[in-house]
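2 protein chains.
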Amino acid sequence: MVDAHENNPPHEVVIVGGGFGGLYAAKSLKKANVNVTLIDKRNFHLFQPLLYQVATGALSPADISSPLRSVLSKSKNTKVLLGEVDDINPDAKQVIVSGEAVRYDTLIVATGAKHSYFGKDDWEEFAPGLKTVEDAIAMRHRIFMAFEAAEKESDPVQRQAWLTFVIVGGGPTGVELAGAIAELATKTLKEDFRNIDTSEARILLLEGMDRILPPFAPELSQEAETSLTQLGVNVQTKTLVTNIADDIVTIKQGEDVKEIAAKTVLWAAGVKASAMGKVLTERTGAESDRAGRVIVEPDLSIKGHPNIFVVGDLANFAHQNNKPLPGVAPVAMQEGEYVAKLIQKRLKGETLPQFNYVDRGSLAMIGQHAAVVDLGFIKLKGFFAWFFWLFVHIYFLIEFDNKLVVMIQWIWNYFTRNRGARLITGKENISSVAIDSNGNYQPVKTRQPLSV
Amino acid sequence: MVDAHENNPPHEVVIVGGGFGGLYAAKSLKKANVNVTLIDKRNFHLFQPLLYQVATGALSPADISSPLRSVLSKSKNTKVLLGEVDDINPDAKQVIVSGEAVRYDTLIVATGAKHSYFGKDDWEEFAPGLKTVEDAIAMRHRIFMAFEAAEKESDPVQRQAWLTFVIVGGGPTGVELAGAIAELATKTLKEDFRNIDTSEARILLLEGMDRILPPFAPELSQEAETSLTQLGVNVQTKTLVTNIADDIVTIKQGEDVKEIAAKTVLWAAGVKASAMGKVLTERTGAESDRAGRVIVEPDLSIKGHPNIFVVGDLANFAHQNNKPLPGVAPVAMQEGEYVAKLIQKRLKGETLPQFNYVDRGSLAMIGQHAAVVDLGFIKLKGFFAWFFWLFVHIYFLIEFDNKLVVMIQWIWNYFTRNRGARLITGKENISSVAIDSNGNYQPVKTRQPLSV
């Protein structure tokens, strides 16, 4: 092949992270005249918005995961590398992957966020969060094991504690978890036990602000609260969690301090930047915000490093409306696509106007026939919102077989109220893993085993 | 309700184990005038014949699992108890579950079998077997991680070792694993890697006897070997494994001793009775065979204990053809159903002729359009056998949503050669777990982490 540039080595784009930001950047570079290396510590893209359905037994991990190599197998300019980035060397234009250097011309960092317990890291043991497949399996283990333990428990006080589920955080994940657990208790599991009435389970959703779903319009927050209450969820707003210990959640409402006896506490409250945030600030002099997110320029690059971009939950982009864009999938997708476009423009000696996020709205599922959708120009609730939510999630699932299987599962679950994936598997206290420098999976933290 | 027997407490049937034997016994007792308690350490029935498809990324664990409570929720006389049986007291007619006594009038023990390394337990670390969901996830981790490691490896000798897969045991499981890995290497993963050609993977199937699939007719063994060879599997019969160590399998063929450098070794060779076998022999004086299986009477009871039955892989029933029935699902199902019927007859003061196994044949999948089916009166191979295999497995899946999802996945995989469930998840070295007396999952053995 004769090419005007045949003596120039191709432009090397390295993308760290195969979430929405990194994957959409890679997909958008499919036909660009660049070499792309996508580095991730997992071999699959995870569709995180549906992770709560894995945690509550409606779907299997593979239903919402797509092997990165399979998604990108047709992108012949793209290489997938399984490994963890330990460091970055901006002077040498290298990332260090499991001890080995990988050179880049342009770097895109999209490693996302992890849970934050606001400095109370000892709460994690009692109140697991939901970011990875392993988190979801561990959460599923806790939820279904709690009903099993209640079935066996003869002491009524202990039994009530087993049947009490506290969800901390009234954002979309908290609302979706609370709604799904309420449906489990009142519908799916209703006929399954002989000693307990699962519909007597208490499900508490705790939110510090004065309403749940703060990013939505107030009338939709109200609607969500009403729907959750009808499902049997006890919604407590203006409620601060001051302590989480074995079996006891301590809350503060105004001046009142209360204790809730609960064996299952789920964390949906806070996130902070992943470890790459710190690496970037140290190596590039970039600034970060309180959550550790890297402050980016209007074109999503790092100040003084026009060839290093940060996209998705790791980025703090505040050049629009003066407040950082939220850590949601649509932001990450649009950022990834923008950077891919900008790289191609630059190779032609051109540029692009600054990144501009087009907010198409927010969605949250509550339960059957109940969801809230805020598209700005129109607000939906009830059946239409519910149907819209299903449609959007199927539409954005990456691979066609995921779409098909999730749709079939949902149709089946709809008619039977069943949730077939309610297996209690694995070792509960392996809920978060990482790959060490030898490529082995290692538990990040060994939690206390669940005392059933 | 007035009942002639209202002063008699109902007859208590306790079933230990929710595999094919235990579950089919429980289902057959649905309308009987007895109370049934089904005890299992897991909350789901596992359709083991398809477990190899989880290990090779074609299906998810939940696709082949059915929550026991859900399967039995309509059996109002049946209670499911999650727990492990530690002991049996035949005099008091009690089983001890996690320290607590459960009384029975009739006991059915159906706890199955586990891997056996013929006394070489140190091989387990290098050659995991396939009995549980966790085993399948760990095997999946190893298989897909081997391709990832090969992609990164620069030393050709090491790379070849990563691309060498040794399957020990040429029964149906070994044949099905070998065929599935060959299809992965030559079809599914073919476009996914950039540094390796996955179709260069070596897949060796080792069998000690003079042909694979010994229970089948010799011409079908030959057919299976031909089909596997066409798929790229290297079949070695009359081959004894004399040692398995890190990266090296030592084999003996006649007088020749050879070493095979392989990073992935999978065990499909031997099984032995589960721990309940020993408990039963100690407590009841029952005899057991070399594999630890309990010798049963013609009616599947234990000698001298007409109210204790053993069914499925744990039982040695040799009252037909003078050799023990094989440890396969149809035997367990028929035995479970027979005992359920016998219990109901006995309650009426009647009895049944001795158990008689109706052998409807054997099936093994090799790959697309290739399987072998031996129904005795007819032998199928190629496309018809393949289609028959699919049909039978869908038919026997317990729940309708399993049937639907597995069918959709298979149709999808058929047309795309994709296998969507090829996630590398979890911690590889947790490959087998048990529940301790407190109900906590504990790893049975902590294996060495995979050195990638």
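Residue numbers (the numbering used here), protein chains in the order written: chain A, 72 to 523; chain B, 72 to 523. Note that beta-carbon positions come from the ideal geometry of N, C-alpha and C, so glycine has one too. What you are looking at is a predicted structure, and each value in this text was computed from that prediction instead of being measured.
Relative to the alpha-carbon of residue i, which residue among the options has its alpha-carbon at the smallest distance?
| i | options | result |
| --- | --- | --- |
| phenylalanine 454 of chain A | A:Leu276, A:Ile465, A:Ile437 | A:Ile437 |
| glutamate 470 of chain B | A:Asn489, A:Ser137, A:Glu271 | A:Asn489 |
| glycine 432 of chain A | A:Ala288, A:Ser372, A:Gln293, A:Glu278 | A:Ala288 |
| lysine 309 of chain A | A:Thr108, A:Glu224, A:Gly241, A:Ile414 | A:Gly241 |
| glycine 245 of chain B | B:Val477, B:Glu205, B:Thr235, B:Val306 | B:Val306 |
| histidine 464 of chain A | A:Ile135, A:Asp192, A:Gly383 | A:Ile135 |
| histidine 390 of chain B | B:Phe115, B:Leu234, B:Pro424 | B:Pro424 |
| isoleucine 482 of chain A | B:Asp472, B:Tyr485, B:Trp483, B:Phe486 | B:Asp472 |
| tryptophan 460 of chain B | B:Leu284, B:Glu155, B:Gln439 | B:Gln439 |
| alanine 400 of chain B | B:Leu143, B:Gly92, B:Arg354 | B:Gly92 |
| alanine 96 of chain B | B:Gly398, B:Val180, B:His82, B:Leu284 | B:Val180 |
| valine 228 of chain B | B:Ile331, B:Ser137, B:Gly88 | B:Ile331 |
| aspartate 281 of chain B | B:Glu262, B:Phe264, B:Leu311 | B:Leu311 |
In chain order, what residues of the same chain have a beta carbon less than 6 Å from the beta carbon of residue i, not counting five sequence neighbours either side?
| i | result |
| --- | --- |
| arginine 140 of chain B | Val151 |
| lysine 329 of chain B | Ile322 |
| threonine 259 of chain A | Arg488, Arg490 |
| asparagine 266 of chain B | Glu222 |
| leucine 178 of chain A | Val85, Ile379 |
| phenylalanine 236 of chain A | Ile252, Ile274, Thr335 |
| phenylalanine 264 of chain B | Glu222 |
Just the C-alpha distance for residue i and residue j, rounded to the nearest angstrom, thanks.
| i | j | result |
| --- | --- | --- |
| lysine 474 of chain B | alanine 492 of chain B | 17 Å |
| lysine 101 of chain A | threonine 422 of chain A | 19 Å |
| glutamine 165 of chain A | arginine 174 of chain A | 4 Å |
| glycine 303 of chain B | threonine 297 of chain B | 10 Å |
| glycine 190 of chain A | alanine 232 of chain A | 26 Å |
| glutamine 119 of chain A | methionine 404 of chain A | 13 Å |
| serine 187 of chain A | lysine 343 of chain A | 5 Å |
| valine 125 of chain A | lysine 419 of chain A | 45 Å |
| aspartate 176 of chain A | valine 85 of chain A | 8 Å |
| lysine 374 of chain B | serine 225 of chain A | 37 Å |
| glutamate 271 of chain B | phenylalanine 218 of chain B | 11 Å |
| glutamate 196 of chain B | asparagine 378 of chain A | 46 Å |
| methionine 347 of chain A | glycine 170 of chain A | 15 Å |
| glycine 90 of chain B | leucine 299 of chain B | 30 Å |
| isoleucine 479 of chain A | valine 476 of chain B | 7 Å |
| glutamate 368 of chain A | phenylalanine 388 of chain A | 7 Å |
| arginine 417 of chain A | valine 107 of chain A | 16 Å |
| glycine 325 of chain B | alanine 456 of chain B | 34 Å |
| valine 168 of chain A | alanine 333 of chain A | 42 Å |
| arginine 354 of chain A | alanine 163 of chain A | 12 Å |
| proline 138 of chain A | asparagine 148 of chain A | 17 Å |
| serine 64 of chain B | alanine 411 of chain B | Look at the range of chain B in this structure, 72 to 523, and you will see that residue 64 of chain B is not part of it. |
| alanine 133 of chain A | glutamine 301 of chain B | 30 Å |
| aspartate 268 of chain B | alanine 129 of chain B | 21 Å |
| aspartate 192 of chain A | asparagine 314 of chain A | 11 Å |
Between residue i and residue j, is the Cβ-Cβ spacing less than 8 Å?
| i | j | result |
| --- | --- | --- |
| alanine 339 of chain B | leucine 201 of chain B | yes |
| leucine 396 of chain B | valine 381 of chain B | no |
| proline 199 of chain A | alanine 209 of chain A | yes |
| valine 443 of chain B | alanine 435 of chain B | yes |
| threonine 335 of chain A | arginine 211 of chain A | no |
| glutamate 278 of chain B | tyrosine 123 of chain B | no |
| alanine 253 of chain B | isoleucine 274 of chain B | yes |
| asparagine 445 of chain B | leucine 255 of chain B | In the sequence as presented, asparagine is not what sits at residue 445 of chain B; that position holds aspartate. No, they are not a contact pair. |
| glycine 407 of chain A | serine 131 of chain A | no |
| isoleucine 366 of chain B | alanine 103 of chain B | no |
| leucine 153 of chain A | aspartate 111 of chain A | yes |
| leucine 276 of chain B | proline 243 of chain B | no |
| valine 156 of chain B | valine 87 of chain B | yes |
| glutamate 294 of chain A | lysine 394 of chain A | no |
Leaving out the 5 sequence neighbours to the left and right, which residues in its chain are closer than 7 Å to residue i when beta-carbon positions are compared?
| i | result |
| --- | --- |
| glycine 356 of chain B | Gly375 |
| serine 345 of chain A | Thr182, Gly183, Ala184, Lys185, Leu385 |
| valine 350 of chain B | Asp158, Ile159 |
With a threshold of 8 Å on Cβ separation, who are the neighbours of residue i within its own chain once the five nearest residues in sequence on each side are excluded?
| i | result |
| --- | --- |
| valine 142 of chain B | Leu94, Lys98, His116, Ile469, Glu470 |
| proline 80 of chain A | none |
Contained beta strand (DSSP E) runs [length at least 3] in the stretch 119-153 of chain B, N- to C-terminal order: 136-138, 149-153
Please specify which runs of the beta strand (DSSP E), each continuous and at least 3 residues long, are wholly inside the stretch 263-328 of chain A, giving them in chain order. 273-277, 304-307, 311-316, 319-324
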